[in-house]
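*Asks:* Under our numbering, think of the first position of the sequence shown as 48, with each following residue one higher. Using N, Cα and C, we set each Cβ at its ideal position, and we do this for glycine too. Here it is: the structure, laid out below.
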Amino acid sequence: MDPVAPIIPDMLTVPRKAVDGLPNLVGMSREAMRDALIGVGTAEKQAKMRVGQIWQWIYHWGVRDFDQMTNLSKDYRAMLKEQFVVAVPEVVTRQVSDDGTRKYLVRIAGGHEVEVVYIPETDRGTLCISSQVGCTLTCSFCHTGTQKLVRNLTSAEIIGQVLVARDDLGEWPEHGTRTDGPRLLSNIVLMGMGEPLYNFENVRDAMKIAMDPDGIQLSRRRITLSTSGVVPEIARTAQEIGCQLAISFHATTDEVRDKLVPINKRWPIADLLDALRAYPKVSNSERITFEYVMLDGVNDSDADAHRLMKLIDGIPAKINLIPFNEWPGAPYKRSSNNRIRAFADIVHKAGYSSPVRKPRGEDIMAACGQLKSETERGRKSRAQIKAETGT
Ligand code: SAH
Ligand code: SF4
48 MDPVAPIIPD
58 MLTVPRKAVD
68 GLPNLVGMSR
78 EAMRDALIGV
88 GTAEKQAKMR
98 VGQIWQWIYH
108 WGVRDFDQMT
118 NLSKDYRAML
128 KEQFVVAVPE
138 VVTRQVSDDG
148 TRKYLVRIAG
158 GHEVEVVYIP
168 ETDRGTLCIS
178 SQVGCTLTCS
188 FCHTGTQKLV
198 RNLTSAEIIG
208 QVLVARDDLG
218 EWPEHGTRTD
228 GPRLLSNIVL
238 MGMGEPLYNF
248 ENVRDAMKIA
258 MDPDGIQLSR
268 RRITLSTSGV
278 VPEIARTAQE
288 IGCQLAISFH
298 ATTDEVRDKL
308 VPINKRWPIA
318 DLLDALRAYP
328 KVSNSERITF
338 EYVMLDGVND
348 SDADAHRLMK
358 LIDGIPAKIN
368 LIPFNEWPGA
378 PYKRSSNNRI
388 RAFADIVHKA
398 GYSSPVRKPR
408 GEDIMAACGQ
418 LKSETERGRK
428 SRAQIKAETG
438 T
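The following block contains the structure:
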């Protein structure tokens, strides 16, 4: 298949019906849940209130069992139990790194597995979630890119990653109390496996649930969607999700970017920058993050740094330098610390914030771009990777 061919989300997404045949209330938008409740006989004038009640049980209290939804009548609960499930992905393994990073392997319908990573920091905690099993794109430095796309995740599977992480962190308010302390899971980044903008609707629905003020309640400023540059979907992201945007930029010429991020052949740097300039939410307080993976001798020269500054001129931006995380068979090496520092210096002197992303959870292969589920491993050979990257 053409590596940058768009995929048709609906063909790849399993229907909302869960494995056991009953529809899953998790992942439904409020409107969809309302329709579903009316569909099983809830009176239209009561439906909105019922959605509000069920929503709070699932997303505020973390309840999965209809029997615990005590403000609903026994009969109504019995009916819900017959018609629906409240299902989240199954956690298969949980690893904790020396630095506190947690990596979960979760199993979804069809037996596929995806990885979810929780990164604690002093004043916050970030959950890195996946949007697809594998990826259709073939970025040559990315471990996920060596794995073929298996399918898009449903909105239930996307928000379900947040729910299971909160389970593990014990971060549900106890029934009857409201907690106002700092959140353990305070931020979400769509930087796990997959290209979120090739699964737009499901990512949007799941993030709307995460932002809903009656449930998980994360501000749109605490959600960052990272894309390799699916230009036509960028404006839609601003309009329909309104979250922070990160771009996997990684190169300063089309020639190099074509190799590193092959989607560049379809939407080259100039088109991408046009889309970013137009990103309507952009303001000084809402800078676009430019992710830039530091690859030894490939994209890390002083000339690259200067070119990068010229390219992004006028865009409120933050540059996130990511030391390359190696994986078995990877065709690149991480730039030296000195090189990364010199590059960061140029960026900094040009007036941009340029944090170097500290690799977290490396000992459990949880760092950026290292994710790849065991079940899907080994689809492409080293020779194939070599042939594709021309290295
Ligand atoms: N598909 C999306 C989001 C997932 S990747 C995207 O490409 O943006 C999240 C980030 O990790 C991207 O910036 C990606 O380029 C980067 N990344 C991938 N592999 C990496 C590796 N081996 N080392 C460091 N960063 C990597
Ligand atoms: Fe897919 Fe992102 Fe990896 Fe590229 S970097 S292969 S878009 S997950």
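1) Cβ of M238 versus every heavy atom of ligand 1: is any distance shorter than 7 Å?
2) Less than 8 Å between the beta carbons of V250 and A322, yes or no?
3) To which residues of the same chain is V66 closer than 7 Å at the C-beta, ignoring the five residues directly before and after it?
4) For S177 and A350, what's the separation of their Cα atoms in angstroms?
5) Any heavy atom of ligand 2 inside 7 Å of the beta-carbon of C182?
6) Is it the case that the CB of E162 approaches a heavy atom of ligand 1 more closely than 7 Å?
7) In this structure, how does DSSP classify Y151 when only helix, strand and coil are distinguished?
8) Figure out for me which residue from D215, I166, H159 and E218 has the closest Cα to the Cα of V197.
9) E248 and T183 look like a contact to me (Cβ under 8 Å); what is the Cβ gap, rounded to whole Å?
10) If we call anything under 8 Å between Cβ atoms a contact, is C290 one with M238?
11) Residues in the same chain with beta-carbon distance under 6 Å from S400, minus the five sequence neighbours each way, listed in chain order, please.
12) Under the criterion of a Cβ to heavy atom distance below 7 Å, does E242 qualify as lining ligand 2?
13) Quick check: does the Cβ of T201 come within less than 7 Å of any heavy atom belonging to ligand 1?
14) The alpha helix (DSSP H) spanning L200 covers which residue range?
15) Could you name the residues of the same chain whose beta carbon sits closer than 6 Å to that of P167, not counting the 5 residues immediately before and after it, in chain order?
16) Considering only the alpha carbon of each residue, which of D301, Y339, S76 and I310 lies closest to G192?
17) How many angstroms separate the CA atom of S383 from the CA atom of S348?
18) Note down the Cα distance separating G109 from G207, rounded to an integer number of angstroms.
19) Once you ignore the five residues that flank R267 on each side, which residues in its own chain have a CB closer than 6 Å to its CB?
20) Is it the case that the CB of I369 approaches a heavy atom of ligand 1 more closely than 7 Å?
21) Applying the criterion that 16 or more other CB atoms from any shown protein chain within 10 Å of the CB defines a buried residue, is A298 buried or exposed?
22) Can you give me the C-alpha to C-alpha distance between K380 and Q194, rounded to a whole angstrom?
23) Inspect the beta-carbon positions of M116 and V87 and report whether they are closer than 8 Å.
24) How long is the line joining the alpha carbons of T422 and E91, rounded to whole angstroms?
25) So who's on the other strand from M341, going by DSSP bridges?
26) Assuming P279 is part of the alpha helix (DSSP H), what are its boundary residues?
27) Let me know the secondary structure DSSP gives K396 once reduced to three states.
28) Please identify the residue among V73, Q142 and V138 whose C-alpha is closest to the C-alpha of F113.
29) By the DSSP assignment, the beta strand (DSSP E) with H159 in it spans what residues?
*Replies:* Answer, in terms of the structure:
1) M238 Cβ: within cutoff of ligand 1.
2) No, the pair does not count as a contact, with Cβ atoms beyond the cut-off.
3) For V66, the predicted model reports a pLDDT of 45, less than 50, meaning its position is unreliable and no value from the coordinates is stated.
4) In a straight line, the C-alpha of S177 is about 34 Å away from that of A350.
5) For ligand 2, at least one heavy atom lies less than 7 Å from the Cβ of C182.
6) A distance criterion of 7 Å places the beta-carbon of E162 beyond contact range of ligand 1, judged by its closest non-hydrogen atom.
7) Here Y151 sits in strand by DSSP.
8) With distances taken between Cα atoms, V197 lies closest to H159.
9) Contact between E248 and T183 does not hold, since their C-beta atoms are separated by about 16 Å, which reaches or exceeds 8 Å.
10) Using a Cβ distance threshold of 8 Å, C290 and M238 do not count as a contacting pair.
11) Taken in chain order, the residues that qualify are K365.
12) Yes - ligand 2 has a heavy atom lying nearer than 7 Å to the Cβ of E242.
13) Not one heavy atom of ligand 1 falls within 7 Å of the beta-carbon of T201.
14) Careful: L200 lies outside any alpha helix (DSSP H) and carries neither H nor E.
15) Contacts found: G147.
16) The candidate whose alpha carbon is nearest that of G192 is I310.
17) Going by the C-alpha atoms only, they are around 11 Å apart.
18) The alpha-carbon atoms of G109 and G207 are separated by roughly 11 Å.
19) So the qualifying residues of the chain are M258, G289 and C290.
20) When distances are taken from the beta-carbon of I369 to the heavy atoms of ligand 1, the shortest one is below 7 Å.
21) A buried status is given to A298, since no fewer than 16 other beta-carbon atoms sit within 10 Å of its beta-carbon.
22) The straight-line gap from Cα to Cα measures roughly 20 Å.
23) Not closer than 8 Å, so no.
24) At T422, the pLDDT of 44 sits below 50, so the modelled position is not reliable; the number obtained from the coordinates is stated separately. Just so you know, the alpha carbons of T422 and E91 end up roughly 45 Å apart.
25) Paired residues: P370.
26) Counting along the chain, the alpha helix (DSSP H) containing P279 begins and ends at V278 to E287.
27) Correct three-state label for K396: helix.
28) Answer by Cα proximity: V73.
29) H159 to P167 is the span of the beta strand (DSSP E), which, as asked, contains H159.
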